[in-house]
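Residue numbers (the working numbering), protein chains in the order written: chain A, 106 to 303; chain B, 5 to 348.
Glycine included, every Cβ here is placed at the ideal spot set by N, Cα and C.
One structure is given here, and the rest of the page talks about it.
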């Protein structure tokens, strides 16, 4: 069954510091584009004779499948991470304090990791690490880099398509806008889910 | 500061469909940031004592240094790739591209397709001269740090989104078309002409066998597949072949120490190919011996392992042939299928 495009999880007219044009372009071109690519790849894979296919065809398609699938998953989380300004709820706040020292220490690390990826591509993810039973900030150089077994609950897209329309090369201002626009209720819900299954 | 900034090579106001604003942001922010970070990483590395610094720290800094240096070099090449009309290829450039890609159109279609394949993700599309094979190739990179080993890029298309998003948004196809309309081919030709002066990496030369004709494994495979007669003799030393399990299909093993005993099986009317394990001495010496008495003998470059490396067909080496008392010289006939590269 083909993957279906999910509706935009945030209201693109109500994200402080990001224009509707930026968010809609990001959603239509990059997110929807990833889902379409994923479906095209899935179709090719379904028709592939794995036993006899050349290794570069198998490697190429499976690599592109991973990239497109992670792009889909992470973009959905990214749009769900955006909303109006707010604060983490008590349970999430306590966990951030336990795992990072304070909410502001977590935020300083997370935003610095985003700014360090200016001019390139990648993700910064707040991820539940089942191994450590804690939250970690995870660096990703592209869609395919994720912590094995980790559950991302907040995603900052540092691909340049996430900000160039509004901010040009000013990635720092984009990261600051993102930090102020985190949809904490959604993050808290995602945290509750992963913490319950832990 | 080890690395100095290079001035913008192209004139931004002359570009067709790419605005000065985009080039200025790209030059100042992306190229400029790469260069200043490169200098910072280099300074940090110079201040360290590699003998006592934790290896992990050196590793991190060197990885960043390589990515930043490549970003610097490729951005300079990118700005130098722009400023022309994209259409007018100097004759030697058009000839080189037609030679290596079939036609300029085919090169162009492939280059554009590679760029479209990078849409929405970062990377470079490069036209690179490969000295090993003395030819041009198009290739992509998934980041600044990748490059073709020993290759010399002569044309660079930046597919990082900072190269186009400001002006083209999420429409990389329009950006790629604009890039193609602005390629500056005259300086690309200069870079190509400089690149072709780079010699291929030196190959193995065996001076003592310099005047003995050799043959490559590809040539022998071609002879076998087209049914041309050839007598192929595996002359791996006895101590080696008694431990070996497989032999080139179509070859027979003969003891290089006892040429006199089997030379009578050979025909002077058809070429002889001799080889040993790696192609260094024994196969060559056997060819010398055979040539002295009038055989058209050549040694196989790279020997048994070069044949294996091109996935040439093999057959099991049985005890009789390894003992040297095997069947008389088998002759390869065109009706014998040899396309299957698997061990039989």
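Check your understanding: In whole angstroms, what separates the C-alpha of residue 15 of chain B from that of residue 87 of chain B?
Key -> Position 11 of the second chain, counted from the first residue, corresponds to residue 15 of chain B. Position 83 of the second chain, counted from the first residue, corresponds to residue 87 of chain B. Straight-line spacing of the CA atoms in residue 15 of chain B and residue 87 of chain B works out to 7 Å.
Check your understanding: With a cut-off of 8 Å, does the C-beta of residue 265 of chain B fall near any C-beta of chain A?
Key -> What you label residue 265 of chain B is simply residue 261 of the second chain in a count that begins at 1. Closer than 8 Å: no.
**Study point:** Candidates A:144, A:137 and A:240: closest to residue 295 of chain A by CA position
**Key:** Looking up residue 295 of chain A in the first chain gives position 190. Closest in C-alpha terms to residue 295 of chain A, from the list A:144, A:137 and A:240, comes A:240.
Exercise for review: Examine the ligand FMN and report whether any of its heavy atoms sits within less than 7 Å of the Cβ of residue 262 of chain B.
Suggested key: Absent from the structure shown: the ligand FMN. Ligands present: none.
Check your understanding: Under a CB-based cut-off of 8 Å, is residue 24 of chain B close to chain A?
Key -> Mapped onto the second chain, residue 24 of chain B falls at position 20. No, residue 24 of chain B does not count as interfacial toward chain A.
Review point. Does DSSP put residue 238 of chain B in a helix, in a strand, or in coil?
Key: For this step, residue 238 of chain B is matched to residue 234 along the second chain. Looking at residue 238 of chain B - three-state DSSP - the assignment turns out to be strand.
Review point. Nearest chain A C-beta to residue 344 of chain B closer than 8 Å, yes or no?
Key: As a working mapping, residue 344 of chain B is identified with position 340 in the second chain. In this prediction, residue 344 of chain B scores a pLDDT of 48, lower than 50, which makes its location untrustworthy; no coordinate-derived value is stated.
Check your understanding: Per DSSP, what kind of secondary structure is residue 192 of chain A in: helix, strand or coil?
Key -> Here the question's residue 192 of chain A lines up with position 87 in the first chain. In the structure shown, residue 192 of chain A sits in coil (DSSP, three-state: anything other than H, G, I, E or B).
Review point. For residue 58 of chain B, which of helix, strand or coil comes out of DSSP?
Key: Reading the second chain from its first residue, position 54 is the one you call residue 58 of chain B. It is coil, neither helix nor strand.
**Study point:** DSSP state of residue 5 of chain B mapped onto helix, strand, coil
**Key:** Here the question's residue 5 of chain B lines up with position 1 in the second chain. It is coil, neither helix nor strand.
Point to revise | Under 7 Å from the C-beta of residue 173 of chain B: neighbouring residues of chain A | key: To locate residue 173 of chain B, count along the second chain from 1; it is residue 169. Chain order gives the chain A residues near residue 173 of chain B as 130 and 270, where near means a beta carbon separation below 7 Å.
Check your understanding: What residue range is occupied by the uninterrupted alpha helix (DSSP H) comprising residue 198 of chain B?
Key -> Here residue 198 of chain B corresponds to residue number 194 of the second chain, with the count starting at 1. For residue 198 of chain B, the enclosing alpha helix (DSSP H) has its first and last residue at 189 to 199.
**Study point:** Residue span of the beta strand (DSSP E) that contains residue 215 of chain B, given as start and end
**Key:** For the purposes of this step, residue 215 of chain B is taken as the residue at position 211 of the second chain. Unbroken run through residue 215 of chain B: none, as it is neither H nor E.
Practice item. Label residue 17 of chain B either buried or exposed according to how many other C-beta atoms from any shown protein chain fall within 10 Å of its C-beta, with 16 as the threshold for buried. Key: On the second chain, residue 17 of chain B is found 13 positions in, with the first residue counted as 1. Burial call: exposed.
Review point. Which term fits residue 148 of chain B, buried or exposed, when burial requires 16 or more other beta carbons within 10 angstroms of its beta carbon?
Key: Translated into positions along the second chain, residue 148 of chain B becomes position 144. Flag for residue 148 of chain B reads buried.
Practice item. Compare the Cα-Cα distances from residue 236 of chain B to each of B:215, B:85, B:269 and B:209 and report the closest residue. Key: One-based indexing of the second chain puts residue 236 of chain B at position 232. Closest by alpha carbon: B:269.
Check your understanding: What number of angstroms, rounded off, separates the C-alpha of residue 13 of chain B from the C-alpha of residue 198 of chain B?
Key -> To locate residue 13 of chain B, count along the second chain from 1; it is residue 9. To locate residue 198 of chain B, count along the second chain from 1; it is residue 194. Here the C-alpha atom of residue 13 of chain B lies approximately 18 Å from the C-alpha atom of residue 198 of chain B.
Practice item. Return helix, strand or coil for residue 214 of chain A, following the three-state DSSP convention. Key: As a position in the first chain, residue 214 of chain A is number 109, starting the count at 1. DSSP places residue 214 of chain A in helix when its eight states are reduced to three.
Exercise for review: Ignoring anything shorter than 4 residues or poking outside the stretch 122 to 186 of chain A, list the alpha helix (DSSP H) runs there in chain order.
Suggested key: Secondary structure remark: continuous alpha helix (DSSP H) runs of at least 4 residues inside the stretch 122 to 186 of chain A, in chain order: 125 to 130, 137 to 151 and 160 to 185.
**Study point:** Whole-angstrom distance between residue 246 of chain B and residue 326 of chain B, CA atom to CA atom
**Key:** As a first step, residue 326 of chain B is located in the second chain; it is residue number 322 there, counting from the start. As a first step, residue 246 of chain B is located in the second chain; it is residue number 242 there, counting from the start. Note that residue 326 of chain B has pLDDT 43, beneath the 50 cutoff, so the model's placement of it is unreliable and no number is given.
Check your understanding: Which residues in the same chain as residue 244 of chain B place their Cβ atom closer than 7 Å to its Cβ, once the five residues preceding and following it in sequence are excluded?
Key -> As a position in the second chain, residue 244 of chain B is number 240, starting the count at 1. Closer than 7 Å at Cβ, skipping near neighbours: 281.
Review point. Does any residue of chain A bring its CB to less than 8 Å from the CB of residue 125 of chain B?
Key: Locating residue 125 of chain B in the second chain gives position 121, counting from the first residue. The Cβ of residue 125 of chain B sits closer than 8 Å to at least one Cβ of chain A.
**Study point:** Pair within 8 Å by beta-carbon distance, residue 108 of chain B and residue 119 of chain B
**Key:** Taking the first residue of the second chain as position 1, residue 108 of chain B is located at position 104. Taking the first residue of the second chain as position 1, residue 119 of chain B is located at position 115. Not closer than 8 Å, so no.
Review point. Under 9 Å Cβ-Cβ, which residues of chain B neighbour residue 298 of chain A?
Key: Locating residue 298 of chain A in the first chain gives position 193, counting from the first residue. What residue 298 of chain A touches in chain B, judged by beta-carbon distance under 9 Å, is nothing: the nearest beta carbon there is about 29 Å away.
Check your understanding: How about residue 247 of chain A: is its C-beta nearer than 8 Å to some C-beta of chain B?
Key -> Sequence index remark: in the first chain, residue 247 of chain A carries index 142 (1-based). Cβ-Cβ to chain B under 8 Å: yes for residue 247 of chain A.
**Study point:** Whole-angstrom distance between residue 123 of chain A and residue 271 of chain A, CA atom to CA atom
**Key:** Within the first chain, residue 271 of chain A is the residue found at index 166, counting from 1. Within the first chain, residue 123 of chain A is the residue found at index 18, counting from 1. The alpha-carbon atoms of residue 271 of chain A and residue 123 of chain A are separated by roughly 7 Å.
Check your understanding: When the cut-off is 8 Å and only beta carbons count, does residue 149 of chain A lie next to chain B?
Key -> For the purposes of this step, residue 149 of chain A is taken as residue 44 along the first chain, with counting starting at 1. Chain B contact via Cβ: absent.
Check your understanding: Is residue 226 of chain A close to chain B, meaning its C-beta is less than 8 Å from at least one C-beta of that chain?
Key -> In the first chain, residue 226 of chain A corresponds to position 121, counting from 1. With 8 Å as the cut-off, residue 226 of chain A counts as an interface residue toward chain B.
**Study point:** Touch test, the stretch 74 to 93 of chain B against the stretch 152 to 160 of chain B, Cβ-Cβ under 8 Å, three pairs minimum
**Key:** Segments in contact, yes.
Review point. Skipping 5 residues on each side, what residues in its chain have a beta carbon closer than 7 Å to that of residue 100 of chain B?
Key: Counting from 1 along the second chain, the entry for residue 100 of chain B is found at position 96. The beta carbon of residue 100 of chain B is closer than 7 Å to those of 140 and 196 in its chain, skipping five residues each way along the sequence.
Review point. When you check each C-beta in the stretch 128 to 144 of chain B against every C-beta of chain A, which residues fall closer than 9 Å?
Key: Shown here is that no member of the stretch 128 to 144 of chain B has a Cβ falling below 9 Å from a Cβ of chain A.
Check your understanding: Buried or exposed: which applies to residue 324 of chain B, given that a residue is buried once 16 or more other Cβ atoms fall within 10 Å of its Cβ?
Key -> Here residue 324 of chain B refers to the residue found at position 320 when the second chain is read from its first residue. For residue 324 of chain B, the pLDDT reaches just 46, beneath the cut-off of 50, and the residue's location in the model is therefore unreliable, leaving the point undetermined.
Review point. Could one say the Cβ of residue 125 of chain A lies closer than 8 Å to chain B's Cβ atoms, at least one of them?
Key: Indexing the first chain from 1 puts residue 125 of chain A at position 20. Among the CB atoms of chain B, none fall inside 8 Å of the CB of residue 125 of chain A.
Check your understanding: What separation, rounded to the nearest whole angstrom, lies between the Cα atoms of residue 63 of chain B and residue 220 of chain A?
Key -> On the second chain, position 59 is the one that residue 63 of chain B refers to. On the first chain, position 115 is the one that residue 220 of chain A refers to. The straight-line gap from Cα to Cα measures roughly 22 Å.
Check your understanding: Residues in its own chain within less than 8 Å of residue 123 of chain B by CB, not counting five upstream and five downstream?
Key -> Residue numbering aside, residue 123 of chain B sits at position 119 when the second chain is read from its first letter. Within the same chain, residue 123 of chain B has close Cβ partners 163, 176 and 177.
Check your understanding: DSSP on residue 243 of chain A, reduced to helix/strand/coil?
Key -> Reading the first chain from its first residue, position 138 is the one you call residue 243 of chain A. DSSP places residue 243 of chain A in strand when its eight states are reduced to three.
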